[in-house]
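Chains as they are written, first to last, in the UniProt record's numbering: chain A, 1 to 256; chain B, 1 to 216. Every residue, glycine too, gets a C-beta built ideally from N, C-alpha and C. These figures come from a predicted structure and were not determined experimentally.
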C-alpha cells in the first residue's frame, strides 16, 4: 500500500492559554477527498492553517510526502524561501475568498505561476484561461474581483489554488460566506476536481455535500478527531457516539 | 503695481528656484527614508519598531519652526556643522519623514490580513508578497495624504527664509525692503505658491482616480 500523502501525528496548537488542537492524528492518501466536520471551535480551521503553515504548530508532526511542514529535522522553523516553496505545494481556498483586488481574475491566477512557478507571462495567461474556463468563468478573465459575484470570486479562488498544481488542496469553509443560491456553483467545481482525482481536505458545514462528495468523513470535537470513516458508515454509527449524534441531529432536522 | 511686479520678477524667480530645490530635496529624501522606516515600523523587530515609534512621535510633537531652529543652533553644538540651507533642509526633511512613516504605516495596516495569507498560500516569499500584493494595494491609500503632504512641504519651505536662506519668501521680503511696495509683491508671491500647489493637487486627484481599482 502506498504511504499516505499527508500524515499528521499528535498535532498540538494553542493560542495563548487556549488549547485549540489537543492531539490530532490524520492521514490523507493520494486522490482522497476528506471532509472535516464538527462544531465550531473544534479546531477544524486551525488544523487546515497548520497544514500550510499559516499557523506554526506547537507539537507533533505534519508531513507531506515525507517532509516535515514548517520545520527542519532539528525542529527549527524553516527559512522564508523554504516555507514559501513548501506552501506552494499546498493549495488553499479561503472562506472569505481573499482575491487580490488590484488584479484581474486572470491576474490573480497568474501571480503564483509567474513568481513561484517561473512561467512566462503568456504561458501563465494560457494556464489561467484554461482554469477559468474549467470553473465556468472563461469570459471573466479580465474582470476585477469587485466586478464578480461571491460565487464567481470563490471559483476564481479555487482556480488560483489549483493552477499551481498543488499536491493537496485545502478548502476552508469555502461556501460559508456565500448566499445560498451561489453555493451550488462552487460545490459543483469541487465535485469536478474530486472526480479528477485531486487530493482534497475540506472543512465544511455542508454536511450533505460532505457526505456525497468525500471518500472519508472526519468528525472533530474539542481539538481532536473524535470519529472518522466512510461517510455512510460514520453517519450510520452516529448512534454510538453521543457527540457526533447531537452534532448531526441539527442537520437531520433540516435537510438530511 | 504692474511695474513693481515686473521689477521684482527676476529676483522672485531666483528665490523660487531655491524654494523648488528645498521642496524637492525635502520630499524625495523624506520619501525614501519614510518608506524604509515605515516598513520597519510595521514589519521590523521590536527594538527597531520602538526606535522608529519614538522618532516619529518626538518629531511630530515639535512645531516645525522650533525644529528648524533646533537643528540650526543645536546640531553644531554636537559637532554637526550646517550652513543655513542644509540646516533648513534637514529640519524640513526630518519633519516630513515622520509624516511619511505614518502614511506608510496607515496604508499598509489597512490591507486585510487575508491578503498576506492568500499570497503566502500561493508560495510568495515575504518580499514578493510586499511587492506584488501589499504595496500595490497600499499605494492607493498612501498617495492622497502623501501628495497633500507635498503641497505642505512647498508651503512649509517658506520657513527657511527665517534662517536667511534666499527662497521665494525671502526674495519677496528683500524686494519689499527696497521698494516699500508690499501688497503687489505678496499678491504675486501668493499667486506663485498657489499655481505650484494647485497643479500638485490637480495631479493628486488624477492619480487617485487612476489607482482607485476598487469601487468600494
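Item: Buried versus exposed call for residue 212 of chain A [16 or more other C-beta atoms within 10 Å across all chains shown]; Value: exposed
Item: Same chain only: Cβ atoms within 8 Å of residue 206 of chain B, ignoring 5 sequence neighbours per side; Value: none
Item: Residue 42 of chain B, DSSP secondary structure in three states; Value: helix
Item: CB-CB length for residue 234 of chain B against residue 80 of chain A, believed under 8 Å; Value: Nothing in the structure corresponds to residue 234 of chain B, since chain B is present only between 1 and 216.
Item: Residues sharing a beta bridge with residue 221 of chain A, DSSP; Value: A:224
Item: Residue 104 of chain B to residue 40 of chain B span [Cα, whole Å]; Value: 10 Å
Item: Interface residues of chain A facing residue 132 of chain B [CB-CB closer than 7 Å]; Value: 111, 115
Item: Whole-angstrom distance between residue 204 of chain B and residue 216 of chain B, CA atom to CA atom; Value: Unreliable positioning characterises residue 216 of chain B in this predicted model, as indicated by a pLDDT of 41, which lies under 50. The coordinate reading is nonetheless provided below. Going from the Cα of residue 216 of chain B to the Cα of residue 204 of chain B covers about 20 Å.
Item: Minimum C-alpha distance to residue 38 of chain B - residue among B:115, B:138, B:65; Value: B:138
Item: Run of the beta strand (DSSP E) containing residue 9 of chain A, from where it starts to where it stops; Value: 6 to 15
Item: Closest Cα partner of residue 30 of chain B within the set B:132, B:55, B:178, B:100; Value: B:100
Item: Residue burial classification, residue 2 of chain B (beta-carbon count within 10 angstroms, cutoff 16); Value: exposed
Item: Chain B within 8 Å of residue 74 of chain A, Cβ atoms only; Value: no
Item: 8 Å Cβ cutoff met for residue 87 of chain B and residue 75 of chain B; Value: yes
Item: Near-chain B residues of the segment 32 to 58 of chain A - C-beta to any C-beta below 7 Å; Value: 52, 54
Item: Residue 131 of chain B versus residue 188 of chain A - alpha carbon distance; Value: 34 Å
Item: The segment 3 to 13 of chain B in contact with the segment 104 to 119 of chain B per 3-pair CB rule at 8 Å; Value: no
Item: Counted within 10 angstroms of its Cβ, other Cβ atoms place residue 206 of chain A as buried (16 or more) or exposed; Value: buried
Item: Chain-ordered chain B contacts of residue 134 of chain A [CB-CB under 8 Å]; Value: Residues of chain B passing the Cβ test: none, with the nearest at roughly 18 Å.
Item: Cβ distance (whole Å) where residue 232 of chain A is taken to contact residue 219 of chain A below 8 Å; Value: Not really, about 14 Å apart at Cβ, beyond 8 Å.
Item: Distance CB(residue 65 of chain A)-CB(residue 5 of chain A) smaller than 8 Å; Value: yes
Item: Alpha carbon of residue 210 of chain B to alpha carbon of residue 105 of chain A, nearest angstrom; Value: 19 Å
Item: Expected contact under 8 Å - CB spacing of residue 141 of chain B and residue 107 of chain B to nearest Å; Value: 4 Å
Item: CB contact flag (residue 71 of chain A, residue 63 of chain A, <8 Å); Value: no
Item: Residues, ordered as in the chain, of the segment 92 to 106 of chain B that lie near chain A by beta-carbon distance below 9 Å; Value: none
Item: Residues of its chain near residue 256 of chain A, where Cβ-Cβ distance is below 8 Å and the 5 sequence neighbours each way are ignored; Value: Bear in mind that a pLDDT of 48 at residue 256 of chain A, under 50, signals an unreliable position, so the number given afterwards is only what the model happens to contain. Same-chain partners within the cutoff: 207, 208, 248.
Item: One or two residues paired with residue 147 of chain A in a DSSP bridge; Value: None; residue 147 of chain A has no bridge partner.
Item: Counterpart residues of residue 27 of chain A in DSSP-defined beta bridges; Value: A:7
Item: Bridge partner(s) assigned by DSSP for residue 67 of chain A; Value: A:64
Item: Cβ-heavy atom distance, residue 48 of chain B to the ligand SAH, below 7 Å; Value: The model on display carries no ligand, and the ligand SAH is accordingly not part of it.
Item: is_contact[residue 122 of chain B, chain A] using C-beta, thresh 8 Å; Value: yes
Item: Of the listed residues A:112, A:109, A:181, A:169, nearest to residue 200 of chain A (C-alpha basis); Value: A:169
Item: Chain-ordered neighbours of residue 80 of chain A on chain B, where CB pairs are closer than 8 Å; Value: 125, 126
Item: Secondary structure of residue 181 of chain A, DSSP reduced to three states; Value: helix
Item: Closer than 8 Å at the beta carbon, the chain B residues around residue 241 of chain A; Value: Residues of chain B passing the Cβ test: none, with the nearest at roughly 33 Å.
Item: DSSP three-state assignment for residue 111 of chain B, whether helix, strand or coil; Value: coil
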